[in-house]
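Here the structure comes first, spelled out in structure tokens, and everything after it is commentary.
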Amino acid sequence: MKRIPSKTRVELILAGIREIRVHGIQNFSVRRIAADCGVSCSAPYKHFKNKNDYILAILHYINEQWHQVERQILADPPDSLREQLVRISIAYIRFLQENPHYRAIIMQRDENLNLAQIREKSSLSACAHRLVLRYCRSMEMSERDRQRKTFVVRSAIYGAALMMDNGELDCTEETYDMIRGVIEREFDLP
0 MKRIPSKTRV ELILAGIREI RVHGIQNFSV RRIAADCGVS CSAPYKHFKN
50 KNDYILAILH YINEQWHQVE RQILADPPDS LREQLVRISI AYIRFLQENP
100 HYRAIIMQRD ENLNLAQIRE KSSLSACAHR LVLRYCRSME MSERDRQRKT
150 FVVRSAIYGA ALMMDNGELD CTEETYDMIR GVIEREFDLP
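The opening position of the sequence shown corresponds to residue 0 in numbering that gives the first Met the number 0, with each subsequent residue numbered one higher.
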């Protein structure tokens, strides 16, 4: 049976997300979070073993939010594997736009994270990575082509999210259609 997180734990996780967005992981302060939540400095440690466990819980929380979206997309059978990949990619950009407070964590350099945190963060893009791999195998593409396609898809996702965030691209359906076209075009190429 899946454990339901307590309200306080979720509040601490959300405060931790704000903390990372403002101060970064390297300046993550449990004391500051406790003060922000109006709890004692020891209260967060009733929910997290230590600072690293706290950051891991934050990453897990973000993953769970994304995986809920992902499951909805995967539950709706696509016309093709390629269409499923495009839908997941567009949904991920929307997820990043709808949750800008997660981006500071998602875009965090791995050098600031421990191995468990890196693994948790990596699971965010695992589904898209698997879909690209399955598609390329089904089309009998080389490893080099798969790497290029993975690079282009991820570049389109993160580049579009960043450009929307910076105001260089409008967050409109026309923009999403353009991004969809870029991703589809990549899979038209050998």
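Note that beta-carbon positions come from the ideal geometry of N, C-alpha and C, so glycine has one too.
{"query": "Which residue wins for smallest C-alpha separation from residue 122, given the options 183, 187, 37, 63?", "result": "63"}
{"query": "Helix, strand or coil for residue 144 per DSSP?", "result": "helix"}
{"query": "Just checking, does the region 128-142 make contact with the region 51-62 on the three C-beta pairs under 8 Å criterion?", "result": "no"}
{"query": "Closest to residue 79 by CA distance: which of 189, 183, 117 is it?", "result": "183"}
{"query": "Quick check on the DSSP output: the alpha helix (DSSP H) that includes residue 177 runs from which residue to which?", "result": "172-187"}
{"query": "Under DSSP, the alpha helix (DSSP H) around residue 33 begins and ends at which residues?", "result": "29-36"}
{"query": "Please report the distance separating the alpha-carbon of residue 118 from that of residue 101.", "result": "17 Å"}
{"query": "Below 8 Å between beta carbons: does that hold for residue 92 and residue 126?", "result": "no"}
{"query": "Relative to the alpha-carbon of residue 110, which residue among 23, 96, 83 has its alpha-carbon at the smallest distance?", "result": "23"}
{"query": "Do residue 156 and residue 104 have their CB atoms nearer than 8 Å?", "result": "no"}
{"query": "Report the rounded CA-to-CA distance for residue 187 versus residue 175, giving the unit in angstroms.", "result": "18 Å"}
{"query": "Let me confirm a value: residue 37 is counted as buried when at least 16 other C-beta atoms fall within 10 Å, else exposed. Which label applies?", "result": "exposed"}
{"query": "With H, G and I counted as helix, E and B as strand and the rest as coil, what does DSSP make of residue 51?", "result": "helix"}
{"query": "Could you have a look at residue 69 and say whether DSSP puts it in helix, strand or coil?", "result": "helix"}
{"query": "Could you compute how far the alpha carbon of residue 68 sits from the alpha carbon of residue 40?", "result": "34 Å"}
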